[in-house]
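Residues in the sequence shown are numbered from 1 upward in steps of one, following full-length UniProt numbering. Each residue gets a CB set at the ideal place from its N, CA and C atoms; glycine is no exception. Here is the structure we will look at, set down as structure tokens.
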Amino acid sequence: MISVLVVTYNGETYIREQIDSILKNIGLGDELVVSDDGSLDTTREILKSYQEQDARIRVMEGPGEGVISNVEAGLRACRGDYIFLADQDDVWMPDKVEKVMEVFRRKKAMVVVHDARVTDAACKETLMPSFFVYRHSGRGAIKNIIKNTYMGCCMAFRKEVLDAVLPIPKDVTMHDQWIGVKCDLKYHRTVFLKEPLILYRRHEKNVSDFSHNSVGVMIKNRLIFLKRILSYHG
């Protein structure tokens, strides 16, 4: 069974296209879990209408404490043997799940991270053909503590991973970095698939962006992350 987790907040503009692309990827016995963190637009109404039409969709109310807490709540609700993370505003390629699952089987991976094609808001213009190339993406705990190359919307993992990554500390800045580094340390079975399997949409309301914090903030965030990794790692 596959679970896809989408966390939403004021995602009315793009959420339909994302949900449609996910549903085309998953089977009748799979599930799409959507945790909405108190949207003030019509996102909840859109999600409700989808839920009424498709039994695979479960909509839950997030804790209202920000992205990381919402992700953790959603992960705890997932029932599948494999969990795929997804943003509310991207578009999945039609064969994404098939190709990722093949990597799980062939490589006996615990975590699979695939590439993304970065596009404009309309998903018409390619801004970057490969996020991997832009970010120099790859596995490795030290590498990804220094410069995170894990991108949640491109990650999938076996459910057993939750034992290693939950709870997610509230003071780390990126849940995807936490999941990736924890799995690097515990399993050493992360595979980076060099094939773009989503359209990674960039627009004015993105929660994440490509800008950098000041040097002081970056150093502070890395020290907090390292402290949490050392204290949680067993």
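Determine the closest residue to Ser3 out of Ile22, Gln18 and Thr13, with distance taken between C-alpha atoms.
Relative to the Cα of Ser3, the nearest Cα in the group Ile22, Gln18 and Thr13 belongs to Ile22.
Where does the unbroken beta strand (DSSP E) through Thr126 begin, and where does it stop?
Start and end: Thr126 to Met128.
What number of angstroms, rounded off, separates the C-alpha of Ile19 from the C-alpha of Tyr82?
Their backbone Cα atoms lie some 18 Å apart in a straight line.
Through-space distance from Thr149 to Arg228, alpha-carbon basis
Their Cα atoms are separated by approximately 19 Å.
Report all residues from its chain with a CB closer than 7 Å to the CB of Glu17; omit the five preceding and five following residues, and keep chain order.
These residues qualify, in order along the chain: Val91.
Since Lys194 is in the beta strand (DSSP E), which residue starts that stretch and which ends it?
For Lys194, the enclosing beta strand (DSSP E) covers residues Thr190 to Arg201.
Could you name the residues that DSSP lists as bridge partners for residue 240?
The question about residue 240 has no answer here: the residues shown for the chain are numbered 1 through 234.
Which first and last residues belong to the alpha helix (DSSP H) in which His175 is found?
Here the alpha helix (DSSP H) through His175 covers His175 to Lys186.
Mapping the DSSP letters down to three states, classify Ser231 as helix, strand or coil.
Ser231: helix per DSSP, three-state reduction.
Where does the unbroken alpha helix (DSSP H) through residue 239 begin, and where does it stop?
Beyond the ends of the chain as shown, which are 1 and 234, falls residue 239; an answer cannot be given.
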